[in-house]
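Residue numbering for the sequence shown follows our numbering, beginning at 1 and increasing consecutively. Note that the Cβ used here is the ideal one computed from N, Cα and C, for glycine as well. Since we're looking at a predicted model, the values are computed, not measured. Down below is the structure, laid out as structure tokens.
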Amino acid sequence: MAARQQVCAESSNKESPEQETSRSRTRYKASNMCFEEMVEMVDILLRTDYDGNHGPYRNPNARKAKIMAKVVRSLHRNFGVRRSKDQFRKRWELDKMKENIHDVQNRVINIIDILAKI
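This is the structure:
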């Protein structure tokens, strides 16, 4: 018994790189998305109405989590990409924000053009 405790104590004193990472949650390295991956993600999110534009849904957070899980599975199956749901969620929010900014800029340019013609 004492020998077993001593072996356990010695093995716990050794530092290995595997022990530095958390085993409860796998972290995926962020990398750039190629255009095909982006198209696939946007297609799934728009097809399944991720933002909930087409009506009130029961349990919207659970519904969004299920849709993001579908995106993760699809991109892993089709492209071999391993990313977390949070990474895809952040990417989607950034793309939506850029799209809104682009729409506002286009509207401002159109208004300026109309005013220039007057």
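Classification of residue i by the beta-carbon crowding that lies within 10 angstroms, buried from 16 upward
i, result
"Met97", "exposed"
For residue j and residue i, the rounded distance between their alpha carbons
i, j, result
"Pro60", "Lys117", "47 Å"
"Gly52", "Leu46", "10 Å"
"Gly55", "Cys34", "32 Å"
"Lys90", "Val108", "27 Å"
"Trp92", "Met38", "9 Å"
"Glu36", "Arg77", "13 Å"
"Lys70", "Asp95", "19 Å"
"Ile114", "Asp103", "17 Å"
Cβ-based neighbour list, residue i, same chain, cut-off 6 Å, excluding 5 preceding and 5 following
i, result
"Thr48", "Ile67"
"Lys29", "none"
Close-in-space but distant-in-sequence residues of the same chain around residue i (CB under 8 Å, 5 per side omitted)
i, result
"Ile101", "none"
"Val72", "Arg83, Ser84, Lys85 and Phe88"
Own chain residues within Cβ distance below 7 Å of residue i, not counting five before or after
i, result
"Lys64", "Tyr50"
Closest Cα partner of residue i within the set the options
i, options, result
"Glu40", "Tyr57, Leu75 and Arg27", "Leu75"
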